[in-house]
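Trainee: Sequences listed follow chains A, B and C, in order. Each residue of the first sequence is one higher than the one before, counting from 142 in our numbering. Each residue of the second sequence is one higher than the one before, counting from 142 in our numbering. Each residue of the third sequence is one higher than the one before, counting from 142 in our numbering. Note that the Cβ used here is the ideal one computed from N, Cα and C, for glycine as well. Dropping a structure here in structure tokens format, bear with me for questions.
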Amino acid sequence: MRHATGISDLGVEGLEKVLAQAIQWKQGPHPKHLVDKILGMVFFNPSLRTRASFEACMARGGGSSIVLEVGNGVWKLEDRAGAVMDGDRAEHIREAAPVLSRYVDVLAVRTFAGNTDDAEDHKDPVMNGFRNFATVPTLSMESAREHPCQGLADLMTARETFGTTKGLPVTLSWAPHIKPLPKAVPNSFLLTAAAAGCEVRVAHPKGFELQPEVQAQAEALAKEAGGSVAFTQDLDEAVKDSRVVYAKAWGPATGGPLGPEAVKAFPAWMTSPEIMAKAAADAIFMHCLPVRRNVEVADGVLDGPWSRVVDEAENRFHVQRALLQWLLEA
Amino acid sequence: MRHATGISDLGVEGLEKVLAQAIQWKQGPHPKHLVDKILGMVFFNPSLRTRASFEACMARGGGSSIVLEVGNGVWKLEDRAGAVMDGDRAEHIREAAPVLSRYVDVLAVRTFAGNTDDAEDHKDPVMNGFRNFATVPTLSMESAREHPCQGLADLMTARETFGTTKGLPVTLSWAPHIKPLPKAVPNSFLLTAAAAGCEVRVAHPKGFELQPEVQAQAEALAKEAGGSVAFTQDLDEAVKDSRVVYAKAWGPATGGPLGPEAVKAFPAWMTSPEIMAKAAADAIFMHCLPVRRNVEVADGVLDGPWSRVVDEAENRFHVQRALLQWLLEA
Amino acid sequence: MRHATGISDLGVEGLEKVLAQAIQWKQGPHPKHLVDKILGMVFFNPSLRTRASFEACMARGGGSSIVLEVGNGVWKLEDRAGAVMDGDRAEHIREAAPVLSRYVDVLAVRTFAGNTDDAEDHKDPVMNGFRNFATVPTLSMESAREHPCQGLADLMTARETFGTTKGLPVTLSWAPHIKPLPKAVPNSFLLTAAAAGCEVRVAHPKGFELQPEVQAQAEALAKEAGGSVAFTQDLDEAVKDSRVVYAKAWGPATGGPLGPEAVKAFPAWMTSPEIMAKAAADAIFMHCLPVRRNVEVADGVLDGPWSRVVDEAENRFHVQRALLQWLLEA
Chain A
142 MRHATGISDL GVEGLEKVLA QAIQWKQGPH PKHLVDKILG MVFFNPSLRT RASFEACMAR
202 GGGSSIVLEV GNGVWKLEDR AGAVMDGDRA EHIREAAPVL SRYVDVLAVR TFAGNTDDAE
262 DHKDPVMNGF RNFATVPTLS MESAREHPCQ GLADLMTARE TFGTTKGLPV TLSWAPHIKP
322 LPKAVPNSFL LTAAAAGCEV RVAHPKGFEL QPEVQAQAEA LAKEAGGSVA FTQDLDEAVK
382 DSRVVYAKAW GPATGGPLGP EAVKAFPAWM TSPEIMAKAA ADAIFMHCLP VRRNVEVADG
442 VLDGPWSRVV DEAENRFHVQ RALLQWLLEA
Chain B
142 MRHATGISDL GVEGLEKVLA QAIQWKQGPH PKHLVDKILG MVFFNPSLRT RASFEACMAR
202 GGGSSIVLEV GNGVWKLEDR AGAVMDGDRA EHIREAAPVL SRYVDVLAVR TFAGNTDDAE
262 DHKDPVMNGF RNFATVPTLS MESAREHPCQ GLADLMTARE TFGTTKGLPV TLSWAPHIKP
322 LPKAVPNSFL LTAAAAGCEV RVAHPKGFEL QPEVQAQAEA LAKEAGGSVA FTQDLDEAVK
382 DSRVVYAKAW GPATGGPLGP EAVKAFPAWM TSPEIMAKAA ADAIFMHCLP VRRNVEVADG
442 VLDGPWSRVV DEAENRFHVQ RALLQWLLEA
Chain C
142 MRHATGISDL GVEGLEKVLA QAIQWKQGPH PKHLVDKILG MVFFNPSLRT RASFEACMAR
202 GGGSSIVLEV GNGVWKLEDR AGAVMDGDRA EHIREAAPVL SRYVDVLAVR TFAGNTDDAE
262 DHKDPVMNGF RNFATVPTLS MESAREHPCQ GLADLMTARE TFGTTKGLPV TLSWAPHIKP
322 LPKAVPNSFL LTAAAAGCEV RVAHPKGFEL QPEVQAQAEA LAKEAGGSVA FTQDLDEAVK
382 DSRVVYAKAW GPATGGPLGP EAVKAFPAWM TSPEIMAKAA ADAIFMHCLP VRRNVEVADG
442 VLDGPWSRVV DEAENRFHVQ RALLQWLLEA
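Here it is in structure tokens:
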């Protein structure tokens with residue numbers, strides 16, 4: 142039985158297979174490949190694109206969806222082994238995951254990082270709880286560690302634009318925000334771009350380093366796929382010749398000198414037309430959305446010729462139905 | 142590409158077409174006219190009838206629905222151009238509308254009036270934001286200005302009962318309430334009845350005038366359709382010979398002498414059997430629901446022989462599937 | 142027109158028919174018996190299993206579901222006749238139930254006990270409001286008085302395991318909890334087991350008696366079905382030779398000496414491997430879920446050889462589609 146809670150479930154081979162299927166299906170009529178299938182979606186956190194695009198995948202494919210929002214019409218869930226459950230969590234994942242598995246064909250989960258303890262987030266307890274106790278394929282709709290569907294949509298967008306991603310120079314640029322956001326999206330862009338063979342450059346102010354384990358995983362994937370990964374605090378240097386500029390806000394590294402109040406302290410990191418002008422002449426701009434205009438990214442970039450953010454969001458739909466196919470065909 | 146965010150999108154011709162289709166389809170088995178279609182519904186405000194009836198339209202027609210509740214499992218949305226988005230609105234309609242358009246075939250939006258600034262409400266910024274930035278047909282499920290599906294259901298009910306609405310005397314009667322409610326429903330009853338050729342009488346206490354622009358629009362529609370529009374503060378005079386009494390609470394005109402606390406100051410305006418007895422002998426009673434019993438309308442009216450409120454609510458289903466057809470056939 | 146808001150709607154004959162259908166359908170492919178049918182679900186309280194299993198029933202059967210959460214995107218509902226509706230309840234069941242009946246084929250309602258007044262709860266005003274004013278079959282997803290779908294799933298699980306439930310010794314064991322929970326689930330296990338001919342033993346500490354009317358109803362059903370019902374405060378005596386141990390927390394009898402703070406005062410009533418060892422050698426353990434581990438039931442029982450809690454939850458799906466069939470075939 143396959144799961145898809147992180148890039149390591151797919152590997153380079155699975156990634157290539159899913160991207161090829163997604164690009165192929167985008168050209169033709171919607172395949173009815175999900176007839177009689179039910180996707181169960183469990184949200185611990187809000188969503189717009191993820192929920193709508195997965196519901197569209199199921200409906201277009203001939204199947205259906207069940208959406209459950211934990212703590213909002215659904216009990217809060219416990220994930221700790223051996224817990225004496227006398228608090229506000231009324232049900233354990235040890236029951237919820239196998240029970241839901243009896244009703245649906247695939248179980249998708251969204252659970253954001255607590256964002257106060259990188260080591261704890263790295264263990265991804267809720268997502269791994271579902272993965273361990275579910276008896277059907279489990280799919281991440283973003284967890285504390287990764288957002289694999291986003292990474293797939295990002296790389297599909299780059300590949301559509303440039304034909305290939307082998308050796309493609311791409312920059313992941315840290316962006317300012319009013320909150321210290323989770324690292325799942327930057328992790329997944331980095332990991333997926335590395336697995337797709339890109340020349341990946343990650344640029345961020347000092348103190349916003351991604352976790353060492355993720356950096357190491359990206360380097361291993363790049364090596365396997367024939368690409369490279371580099372980290373820098375010099376944004377101008379990073380974007381030079383880049384074909385993709387990918388902006389994303391995330392919080393400081395745990396234990397770093399930066400608190401949440403410092404997150405807006407780097408206004409020069411807001412992606413502007415001036416920054417885009419330093420990239421390759423045919424460079425495109427991407428962002429996972431939602432984006433805070435004129436905080437993370439200037440209006441001029443989002444409304445300008447570089448932006449692929451709407452295509453990128455549409456590609457969530459395409460990669461997700463390819464990923465559902467990959468999960469169910471095993 | 143067609144939109145349906147107000148009566149002006151339909152005009153007298155579209156109105157007649159949608160009503161005729163709705164009345165015809167009500168007689169037979171459900172047409173499977175929405176196979177493979179997805180309706181995306183975005184709610185900024187609560188709903189019972191609207192949500193359930195639209196979901197039923199899609200299911201009965203062979204299609205499906207995606208329901209998103211903004212601020213309840215979905216990010217809050219920004220609508221202002223050029224905003225520096227450092228507040229609680231995490232996403233701009235400039236992204237949300239085109240992105241959702243990639244997943245669905247029709248985008249329906251509910252967004253109530255702020256009800257503190259008539260001029261601002263009249264601009265209908267959220268509904269018009271979706272309409273401007275969506276790339277699929279946009280449908281109003283009630284906005285700050287109009288509730289076109291309700292107006293269509295109201296006129297369908299009148300036409301079913303009396304065969305024709307040309308020259309039909311109908312009274313829109315202001316009703317007391319504990320809150321200063323939005324004006325979208327009275328606006329839409331007035332505008333749709335005018336466009337259907339009724340002799341429309343609007344009765345309300347002094348200080349509860351509808352916006353001048355809406356009054357002018359209603360007069361123009363009445364002229365085109367061969368009907369008339371009149372405004373009065375004398376309820377007895379208005380209901381005399383009326384075949385339809387339509388009760389609805391709404392808040393005071395901006396800048397008027399009446400604050401919210403005065404809204405209950407007119408108990409004589411609660412529709413009672415005594416008022417219905419002053420109308421035509423075959424008069425029917427309508428209300429869009431939800432209705433506060435014994436505040437807006439007496440039990441004796443709602444449970445009496447005049448009431449068509451449940452048929453009227455059923456007709457939401459019928460006019461909406463006809464409206465979806467009208468949007469998609471263009 | 143049939144309803145299913147309590148065991149008395151089914152009777153012994155209906156119960157046997159539904160259980161037989163559920164067990165038969167579990168063996169084969171999903172029957173497409175709900176094509177073009179819509180289930181409307183109205184939740185006044187949270188749910189995980191109930192919502193997911195009913196949505197799965199409709200999807201697997203070829204139909205669809207509409208889910209409405211009262212007070213969460215849907216107006217609060219009034220149930221009292223003659224109410225002057227000037228509070229926070231914006232709509233009356235007298236409108237909501239007949240209106241929803243125009244959109245859907247079956248109306249399912251979840252409304253928990255207020256749990257402060259046993260006599261009021263016993264009248265089940267919300268569930269009976271829907272039942273009285275709906276014009277389509279009404280189904281309980283748990284009300285103040287009963288949870289018939291849970292009782293059916295429980296007895297299906299026992300019958301699957303032991304072949305027959307005639308004369309089967311089963312124990313309903315009160316369990317500790319941090320809150321005084323409603324009595325719908327224990328009521329329904331008692332009533333359904335009695336109607337299925339079991340030898341039912343109900344064990345609880347002094348002060349936690351079930352309502353006299355429910356006890357009397359259970360005794361009448363047991364007499365009709367050839368079983369028996371007994372009540373005891375001696376758990377060891379109850380579980381001796383029992384083939385089923387069914388744990389469930391519920392609050393004290395109204396007017397009893399026990400307040401909510403005393404609910405955890407009986408830790409020896411937590412079902413443990415030691416208690417299971419006193420039951421029959423082939424005894425199974427059941428619980429309706431959600432279960433608070435190490436408060437109501439020890440990890441060793443839930444993770445041990447006795448537990449059927451996941452099968453029992455799966456059987457919610459099977460009995461519910463049989464019950465939908467029973468409602469619609471009449």
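#1: If you reduce the DSSP assignment to three classes, tell me which class Leu151 of chain A lands in.
#2: Buried or exposed: which applies to Pro310 of chain C, given that a residue is buried once 16 or more other Cβ atoms fall within 10 Å of its Cβ?
#3: Round the Cβ separation of Asp382 of chain A and Ala421 of chain A to the nearest angstrom and send it over; I've been treating them as touching at under 8 Å.
#4: Using the three-state DSSP reduction, which class does Pro482 of chain B fall into: helix, strand or coil?
#5: With a 10 Å radius around its C-beta and 16 neighbouring C-beta atoms as the bar for buried, classify Gln165 of chain B as buried or exposed.
#6: Using a Cβ-Cβ cut-off of 7 Å (strictly less than) and excluding sequence neighbours within five positions of Trp447 of chain A, which residues of its own chain qualify?
#7: For chain C, find out if any of its Cβ atoms is closer than 8 Å to the Cβ of Asn273 of chain B; answer yes or no.
#8: Listing by chain order, which chain B residues have their CB less than 9 Å from the CB of Ile319 of chain A?
#9: Cβ closer than 7 Å: which chain A residues qualify as neighbours of Ser205 of chain B?
#10: Going straight from the alpha carbon of Ser149 of chain C to that of Gln356 of chain C, what length do you get?
#11: Rounded to whole angstroms, how far is the Cβ of Gly292 of chain B from the Cβ of Phe330 of chain B, which I believe are closer than 8 Å?
#12: By a C-beta neighbour count over all protein chains shown, 10 Å radius and 16 as the cutoff for buried, is Gly553 of chain C buried or exposed?
#13: I believe Thr279 of chain A touches Arg286 of chain A by the beta-carbon criterion, under 8 Å. Please report the beta-carbon distance rounded to the nearest angstrom.
#14: What does a CB cutoff of less than 6 Å around His345 of chain C pick up in its chain, not counting 5 residues either side in sequence?
#15: Buried or exposed, going by whether 16 or more other CB atoms sit within 10 Å of the CB of Asp375 of chain C?
#16: Which partner residues of Met427 of chain B appear in the DSSP bridge assignment?
#17: Can you name, in chain order, every residue of its own chain whose Cβ lies under 7 Å from the Cβ of Ser194 of chain B, other than the five neighbours on each side?
#18: In this structure, does DSSP put Leu175 of chain C in helix, strand or coil?
#19: Quick one: grab the DSSP three-state call for Pro310 of chain B.
#20: Does Arg462 of chain B come within less than 8 Å of chain A when only Cβ atoms are used?
#21: So which residues on chain B does Gly223 of chain C lean against when the C-beta distance must stay under 7 Å?
#22: Kindly indicate if chain B contains any beta-carbon less than 8 Å away from that of Arg251 of chain C.
#23: For His288 of chain A and Pro431 of chain A, what's the separation of their Cα atoms in angstroms?
#24: Our contact map puts Ser179 of chain A next to Gly212 of chain A with C-beta atoms below 8 Å; I'd like the distance itself, whole angstroms only.
#25: Does the beta-carbon of Asp91 of chain A have 16 or more other beta-carbons within 10 angstroms, so that it is buried, or is it exposed?
#26: What are the residues of the region 360-389 of chain C that lie near chain B, defined by any Cβ-Cβ distance shorter than 7 Å?
#27: Considering only residues of the same chain and omitting the five flanking positions on each side of Leu322 of chain C, which have a CB-CB separation below 7 Å?
#28: Thinking just about the alpha-carbon of each residue, which of A:Leu156, A:Ser206, A:Glu301 is nearest to the one in Gln168 of chain A?
#29: Return the chain-ordered ranges of every alpha helix (DSSP H) run that is complete within the region 318-381 of chain A and spans a minimum of 4 residues.
#30: I need the DSSP call for Met477 of chain B, collapsed to helix, strand or coil.
#31: For Asp444 of chain C, count neighbouring C-beta atoms within 10 Å of its own C-beta (all shown protein chains included) and say buried if the count is 16 or more, exposed if not.
#32: Comparing C-alpha positions only, which one of C:Lys320, C:Phe349, C:Glu354 sits nearest to Leu332 of chain C?
#33: Looking only at its chain, what residues have a beta carbon closer than 7 Å to the beta carbon of Ala454 of chain B, apart from the 5 residues adjacent to it on each side?
#34: Near Trp467 of chain C, what residues of its chain come up, given a Cβ to Cβ distance below 8 Å and the 5 sequence neighbours on each side ignored?
#35: Rounded to a whole number of angstroms, what is the C-alpha to C-alpha distance between Glu283 of chain B and Ala394 of chain B?
#36: Which residues does DSSP list as the beta-bridge partners of Gly181 of chain B?
Mentor: Checking against the coordinates, here is how it stands:
#1: On the first sequence, position 10 is the one that residue 151 of chain A refers to. Three-state DSSP puts Leu151 of chain A in a helix.
#2: As a position in the third sequence, residue 310 of chain C is number 169, starting the count at 1. Classification for Pro310 of chain C: buried.
#3: By 1-based counting over the first sequence, the position of residue 382 of chain A is 241. By 1-based counting over the first sequence, the position of residue 421 of chain A is 280. With 8 Å as the limit, Asp382 of chain A and Ala421 of chain A qualify as a contact, their Cβ atoms being about 5 Å apart.
#4: Any property of residue 482 of chain B remains undetermined from this structure, which presents chain B solely from 142 to 471.
#5: Counted from its first residue, the second sequence places residue 165 of chain B at position 24. Under this definition Gln165 of chain B is an exposed residue.
#6: Walking along the first sequence from the start, residue 447 of chain A turns up at place 306. Hits under 7 Å: Met417, Ala424, Ile425, Phe426.
#7: Along the second sequence, one-based indexing puts residue 273 of chain B at 132. Taking Cβ atoms only, chain C never reaches closer than 8 Å to Asn273 of chain B, which makes this a no.
#8: As a working note, residue 319 of chain A is residue 178 in the first sequence. The answer, in chain order, is Met226, Asp227, Gly228.
#9: Here residue 205 of chain B is taken as the residue at index 64 of the second sequence, counted from 1. Here the neighbours are Ala200.
#10: If you number the third sequence from 1, residue 149 of chain C lands on position 8. If you number the third sequence from 1, residue 356 of chain C lands on position 215. Whole-angstrom Cα-Cα distance: 14 Å.
#11: The residue you call residue 292 of chain B lines up with position 151 of the second sequence. The residue you call residue 330 of chain B lines up with position 189 of the second sequence. Yes, Gly292 of chain B and Phe330 of chain B are in contact; Cβ-Cβ is about 6 Å, under 8 Å.
#12: This structure gives no information on residue 553 of chain C, because the portion of chain C shown stretches from 142 to 471.
#13: As a position in the first sequence, residue 279 of chain A is number 138, starting the count at 1. As a position in the first sequence, residue 286 of chain A is number 145, starting the count at 1. So it is not a contact: roughly 14 Å between Cβ atoms.
#14: By 1-based counting over the third sequence, the position of residue 345 of chain C is 204. Closer than 6 Å at the Cβ level, and outside the excluded window around His345 of chain C, lie Trp315.
#15: Taking the first residue of the third sequence as position 1, residue 375 of chain C is located at position 234. Per the 10 Å Cβ criterion, exposed.
#16: Start at 1 with the first residue of the second sequence, and residue 427 of chain B comes out as number 286. Answer is B:Tyr387, bridged to Met427 of chain B.
#17: By 1-based counting over the second sequence, the position of residue 194 of chain B is 53. Counting only Cβ-Cβ distances below 7 Å, and skipping sequence neighbours, we find Arg457, Phe458, Gln461.
#18: Taking the third sequence and counting its residues from 1, one reaches residue 175 of chain C at position 34. Looking at Leu175 of chain C - three-state DSSP - the assignment turns out to be coil, as it is neither helix nor strand.
#19: By one-based count along the second sequence, residue 310 of chain B stands at place 169. It is a strand residue.
#20: As a working note, residue 462 of chain B is residue 321 in the second sequence. With 8 Å as the cut-off, Arg462 of chain B does not count as an interface residue toward chain A.
#21: Translated into positions along the third sequence, residue 223 of chain C becomes position 82. Neighbours of Gly223 of chain C on chain B, chain order: Asp440.
#22: Translated into positions along the third sequence, residue 251 of chain C becomes position 110. Not one chain B Cβ lies under 8 Å of Arg251 of chain C.
#23: Within the first sequence, numbered from 1, the residue matching residue 288 of chain A stands at position 147. Within the first sequence, numbered from 1, the residue matching residue 431 of chain A stands at position 290. Rounded to whole angstroms, His288 of chain A to Pro431 of chain A spans 14 Å at the Cα level.
#24: For this step, residue 179 of chain A is matched to residue 38 along the first sequence. For this step, residue 212 of chain A is matched to residue 71 along the first sequence. It is Ile, not Ser, that sits at residue 179 of chain A in the sequence shown. Not confirmed; about 23 Å, so no contact.
#25: A query on residue 91 of chain A cannot be resolved here, the shown segment of chain A reaching from 142 to 471 and no further.
#26: none
#27: If you number the third sequence from 1, residue 322 of chain C lands on position 181. Close CB contacts of Leu322 of chain C within its chain, under the 7 Å cut and outside five residues either way in sequence, are with Ala390, Trp391, Gly392 (chain order).
#28: Along the first sequence, read from residue 1 onward, the residue named residue 168 of chain A stands at position 27. If we check each option's Cα against that of Gln168 of chain A, A:Glu301 comes out closest.
#29: 325-336, 353-366, 376-380
#30: The structure shown has nothing for residue 477 of chain B, since chain B only spans 142 to 471.
#31: The sequence position of residue 444 of chain C within the third sequence is 303, counting from 1. By the 10 Å Cβ count, Asp444 of chain C comes out exposed.
#32: Here the question's residue 332 of chain C lines up with position 191 in the third sequence. Comparing Cα positions, the closest option is C:Glu354.
#33: The count along the second sequence starts at 1 and reaches residue 454 of chain B at position 313. Contacts found: Arg190, Leu430.
#34: Numbered from its first residue, the third sequence carries residue 467 of chain C at position 326. The beta carbon of Trp467 of chain C is closer than 8 Å to those of Arg143, Ala145, Leu151, Gly155, Lys158, Val159, Gln162 in its chain, skipping five residues each way along the sequence.
#35: Position 142 of the second sequence holds residue 283 of chain B. Position 253 of the second sequence holds residue 394 of chain B. So the alpha carbons of these two residues sit roughly 19 Å apart.
#36: Position 40 of the second sequence, counting from 1, holds the residue named residue 181 of chain B. Paired residue(s): B:Ile207, B:Leu248.
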